[in-house]
Amino acid sequence: MFLESKIDLSSHRGWIEVICGSMFSGKTEELIRRLKRARIARQKVEIFKPSVDIRYDIENVVSHDASSIPSTPVESSSQILLMVNNDVDVIGIDEAQFFDSELSSVCNQLANSGIRVIVAGLDMDFMGKPFGPIPSIMAAAEYVTKVHAICIRCGNLAHYSHRTVAGDKLVVLGEKDIYEPLCRRCFIEDQGKHQNK
């Protein structure tokens with residue numbers, strides 16, 4: 005594979021950073037900020053996103069505030085290993101919750117080979133449960149940044165992505181038309197209303 009010949013622990017500088025939180029918390033904005041700073045430092049940067057995420061753009065990673073950076077859409081996490089150039093310094097991965105369970109292994113292989121890996125994604129799904137590969141990536145990461153939105157109901161810090169439309173399908177792409185950020189108290193209150201119906 006790509007990385008077996010690349011591991012050199014004498015000059016090891018790879019690690020994993022995770023930026024996680026609810027929707028509308030600035031995860032992608034922070035990812036873009038870190039990647040742009042790496043480019044200013046003349047580091048070679050590559051960015052990947054799941055091909056399923058076409059909300060703002062088919063190829064670019066775009067934040068809610070319309071900041072963007074070119075990326076490569078991929079179908080699965082294993083494709084990242086196949087597409088990474090040997091001279092890359094930093095890899096960014098957006099919307100990591102939409103990737104398969106192998107993403108954690110991919111991130112570890114990349115970091116073990118000396119690459120700085122920056123992963124952004126939702127840490128919880130719309131039910132408030134751990135989402136996709138994010139928990140296992142967080143466990144292996146050297147750095148975890150949890151960002152918060154503002155609760156749309158009370159103004160406190162929000163870390164839940166509450167879905168405002170009915171259905172139990174795990175992945176439903178959408179924005180403010182389907183999701184709203186809620187704090188713990190407002191999320192629990194809303195869950196109680198639905199259980200009492």
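Heads up: the sequence shown begins at 5 in our numbering, then just goes up one per residue.
The beta-carbon is built from N, C-alpha and C at its ideal position, and this holds for glycine as well.
A Cβ-Cβ separation of about 12 Å leaves THR149 out of contact with GLU33 under the 8 Å criterion.
Looking at the DSSP output, SER165 bridges to PRO185. Taking the CA atoms as reference points, ILE122 sits about 33 Å from ALA170. In the DSSP annotation of this structure, the continuous segment of the alpha helix (DSSP H) that includes LYS40 starts and ends at 31 to 44. A distance of 8 Å or more separates the beta carbons of CYS190 and LEU161.
As the crow flies, the alpha-carbon of ASP98 is around 31 Å from that of GLU193. Here the segment 70 to 86 makes contact with the segment 38 to 55; the two share three or more CB pairs at distances below 8 Å. The continuous beta strand (DSSP E) containing VAL151 extends over residues 147 to 151.
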